[in-house]
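Here's the structure we're looking at; comments come further down.
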Amino acid sequence: MRLYNSLTRKKEEFIPIENKKVRFYSCGQTVYEDAHIGNARTYSYWDVLVRYLRWRNYDVFWVQNFTDVGHLTDDADSGEDKIILTARAKEIQPMVLVESQIRRFYEDMDALNIQRSDIYPRATGEIPEMIEFVKDLLEKGYAYEVNGSIYYDVTKFPNYGELSPSTYSDESVGARIAVNPEKRNPQDFALWIRAPPEHLMKWPSPWGFGYPGWHLECSVMSQKYLGATLDIHGGGIDHLYLHHPNEIAQSEARTGEKFVNYWLHAAFLTVEGERMGKSKGNFILVRELLQEYDPMLVRLFLVNSHYRKGVDFNREALDQIQILLDRLRTSIATIDQASGGNKSNLRDDILQVEKDFIEAMEDDLNTVGAIQSIMQFIKKVNTSLDNEKALLEEAKSIIITLTGILGIKLEEQEQRGKISIPELLDLLVDLRGRLREAKQFELSDQVRAKLLDIGVQLEDKPDGTIWKIKS
RNA sequence: GCGGAGGUACCAAAGUGGCUAUGGAGCGGCCUGCAAAGCCGUCUUACGUGUGUUCAAAUCACACCCUCCGCUCCA
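Taken in order, the first sequence gives residues 332 to 802; the numbers are from our numbering.
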């Protein structure tokens with residue numbers, strides 16, 4: 332598999348440190364508000380990457396963090412903790428907010444079929460490890476203490492900023508906001524921040540009460556759960572410039588070993604041509620979107636563009652995706668209905684689609700190409716319904732497997748109590764078929780129209796009727 | 001300003017030296033009680049502009065134009 336490595340800025344053959352074992356860390360959510368469509372897009376790609384690697388028999392261990400403390404409203408180590416700020420506005424305790432947001436995060440991700448990482452460590456659960464980490468950096472001379480706060484001295488780390496195509500110049504840092512006078516260099520960043528007495532989220536440390544700087548947790552957690560060197564580290568493109576260079580500086584200073592072999596960065600999505608941002612107020616939350624749209628439609632939209640390329644979110648784009656999703660679902664329903672024949676030309680096409688899919692995915696996770704290979708295959712299947720039934724079943728199975736790797740569930744397991752909805756629909760379809768045989772078209776059309784109203788579409792094919800649950 | 005990514009047909013979106021991309025929209029047809037779906041054809045000798053390299057360029061080189069993104073919040 333070839334992956335575009337942000338560190339070298341080119342596609343490289345992916346070779347794990349230890350044969351088929353993959354150590355993967357992705358930067359997670361600061362849990363103070365609901366996940367938006369941009370978060371979901373990024374996490375969808377990590378999900379696809381993990382599913383694909385596992386399908387190819389890699390043993391993937393995936394860690395994604397929850398930031399539940401210390402992420403300030405300003406990256407330059409000033410401003411307020413967003414969690415405390417939001418909790419205060421809601422008049423609840425910070426940890427109540429965190430718990431609630433984590434639950435909501437899981438709900439949103441589950442709905443989009445974004446599988447969970449193997450572990451989700453929380454920053455507040457790793458405070459002792461963070462303190463040890465900072466002590467180590469102090470002893471090694473990479474950090475210094477000022478009035479109970481600890482800062483990382485970037486001049487001690489010669490390769491600082493190697494990941495970032497443009498590190499901050501001193502002027503640009505100073506130009507944005509006043510440089511914290513405690514810092515020796517404008518680019519130094521906080522490892523540990525002293526807390527004023529009234530601060531709610533604070534922990535005792537050798538330097539007094541304080542809380543961790545937000546770059547620290549990723550270094551600490553990844554090292555604790557995955558070791559000194561990670562195979563893959565993923566994150567949003569915004570982290571390429573500050574968060575990730577700082578992670579490298581901290582981690583490599585402590586271990587003396589290379590921190591990450593492959594850096595992956597997901598591009599941002601825009602909404603109606605505009606960047607989603609707090610200042611623009613155009614956030615689209617996953618849960619709001621899902622009240623209106625089929626989760627699988629959203630999921631297909633999210634993976635139907637390349638992760639390193641931006642994509643615009645708008646209604647027209649979703650309408651186009653709906654057609655794509657319908658086409659996928661129709662193919663499954665059509666195969667189910669087909670009685671089959673005695674031809675066997677599909678055998679080659681089944682091998683071909685798997686080959687094309689793999690080829691696309693191996694090329695830097697080209698999900699668009701992978702979807703296209705499936706679409707081409709579906710066209711083949713549609714013209715090959717006279718193949719042996721067993722081959723048709725194989726065709727269906729490969730479609731479900733491949734779309735499943737992209738996180739798209741095509742088969743609905745609709746079950747209410749002991750009633751099977753598929754069986755119920757089969758019964759209705761059968762009854763309507765008898766009406767049509769009796770040329771009672773008015774009544775049979777009514778049945779079809781009513782079913783469509785409640786979300787079931789019937790299609791009369793030459794050899795029978797199929798049903799599809801519409802979104 | 002500094003740095004990055006990109007400009008592909010009506011829309012979306014792959015492709016990185018020669019091989020029909022693909023999906024949708026529109027139009028025409030086949031099938032069908034009707035509808036839907038599916039299939040076939042068509043728009044389609046598309047690749048930001050200009051030079052150059054080459055037997056051959058969307059693909060490589062150089063220059064230019066334009067767009068988006070980061071250097072605020074933010075995946």
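Each residue gets a CB set at the ideal place from its N, CA and C atoms; glycine is no exception.
A506 - DSSP class collapsed to helix/strand/coil: Its pLDDT being 45, under 50, A506 is placed unreliably by the model, and the measurement read from it follows with that caveat. In the structure shown, A506 adopts helical secondary structure according to DSSP, grouped into three states.
Which residues DSSP lists as bridging K342, in chain order: Looking at the DSSP assignment, K342 forms a beta bridge with Y335.
Inter-residue spacing [alpha-carbon to alpha-carbon] between L722 and I705: Put simply, the backbone Cα of L722 is about 16 Å away from that of I705.
N-terminal and C-terminal residue of the alpha helix (DSSP H) that N713 is part of: The continuous alpha helix (DSSP H) containing N713 extends over residues 698 to 713.
Same chain, Cβ closer than 8 Å to L561, neighbours up to 5 away in sequence not counted: These residues qualify, in order along the chain: R354, F355, Y356, S553, F590, V591, N592.
Close-in-space but distant-in-sequence residues of the same chain around E457 (CB under 8 Å, 5 per side omitted): Around E457: E548, V551, M552, K555.
Own chain partners of L469 with C-beta closer than 8 Å, once the 5 adjacent residues on each side are dropped: If we look at L469 and ignore the five residues flanking it on each side, its Cβ neighbours are Y475, E476, I481.
Option nearest D784 by Cα separation, candidates K799, L595, L766, R765: When only C-alpha atoms are compared, the closest one is K799.
As assigned by DSSP and simplified to three states, the class of F632: If DSSP states are grouped into helix, strand and coil, F632 belongs with the helices.
Minimum C-alpha distance to L494 - residue among N511, S536, Y572, G541: If we check each option's Cα against that of L494, Y572 comes out closest.
Option in I702, T373, Q446, V394 with minimal Cα separation from P452: That would be V394, whose Cα lies nearest to the Cα of P452.
Top-ranked residue by Cα proximity to N336, from G795, Y638, E623: The shortest C-alpha separation from N336 is found at Y638.
Cβ separation of R630 and I739, assumed to be a contact under 8 Å, to the nearest whole Å: R630 to I739, Cβ: 6 Å. Contact.
Classification of P459 by the beta-carbon crowding that lies within 10 angstroms, buried from 16 upward: By the neighbour-count rule (16 or more Cβ atoms within 10 Å), P459 is not buried but exposed.
Contact between the stretch 659 to 679 and the stretch 778 to 798 (3+ Cβ pairs under 8 Å): Contact holds: three or more Cβ-Cβ distances are below 8 Å.
Three-pair Cβ contact test at 8 Å for the stretch 639 to 656 versus the stretch 377 to 396: Three or more Cβ pairs closer than 8 Å define a contact, and the stretch 639 to 656 falls short of that threshold against the stretch 377 to 396.
Classification of Q581 by the beta-carbon crowding that lies within 10 angstroms, buried from 16 upward: Q581 is buried by the Cβ-count criterion.
Where I750 falls: helix, strand or coil (DSSP): Correct three-state label for I750: strand.
Contacts around T339, its chain only, beta-carbon distance under 8 Å, and the 5 residues preceding and following it disregarded: For T339, where only same-chain residues beyond five positions count, there are no Cβ hits under 8 Å.
Option in H530, W523, H546 with minimal Cα separation from P537: It is W523 whose Cα lies nearest to the Cα of P537.
CA-to-CA distance, K686 to S675, given in whole angstroms: For S675 and K686, the distance between alpha carbons rounds to 19 Å.
Status (buried if at least 16 other CB within 10 Å, exposed otherwise) for R507: Note on R507: pLDDT 44, under 50, position unreliable in the model; no value is reported.
Whether F540 touches A521 by CB criterion (8 Å): Taking 8 Å as the cut-off, the Cβ atoms of F540 and A521 do not count as close.
Alpha carbon of Q777 to alpha carbon of I666, nearest angstrom: Taking the straight line from one Cα to the other gives about 26 Å.
Spatial neighbours of Y499 in its chain, beta-carbon cut-off 7 Å, leaving aside the 5 residues before and after: Unreliable positioning characterises Y499 in this predicted model, as indicated by a pLDDT of 45, which lies under 50. The coordinate reading is nonetheless provided below. Shown here for Y499: same chain residues with a beta carbon closer than 7 Å to its own, the five before and five after excluded, namely Q518 in chain order.
Those residues which DSSP pairs with L595 across a bridge: Per DSSP, G565.
Reference L557, options A769, K471, P535, I450, closest by Cα: Checked all of A769, K471, P535, I450; the closest Cα to L557 is I450.
Limits of the unbroken alpha helix (DSSP H) element including E583: Here the alpha helix (DSSP H) through E583 covers 574 to 586.
K711 versus I563, L733, I681, residue with shortest Cα-Cα distance: Nearest option by C-alpha distance: I681.
V379 (DSSP reduced to helix, strand or coil): Here V379 sits in helix by DSSP.
Own chain, CB closer than 6 Å to E343, minus 5 neighbours either side, in chain order: N336, listed in sequence order.
Spatially closest choice to Y374 from V760, Q788, L595, by CA coordinates: Looking at the Cα atoms, L595 is the closest of the given residues.
Cβ-Cβ separation, D695 to R333 (assumed contact under 8 Å), whole Å: With a Cβ gap of about 6 Å, R333 and D695 count as contacting.
Beta-carbon spacing of G565, F599 below 8 Å: Not in contact: G565 and F599 (Cβ atoms no closer than 8 Å).
Contacting residues, own chain, Cβ-Cβ under 7 Å from G604 (five flanking each side not counted): Answer for G604: D643, listed in chain order.
Exposure of Q707, with buried meaning 16 or more beta-carbon neighbours within 10 Å: Exposed, since its Cβ has fewer than 16 Cβ neighbours within 10 Å.
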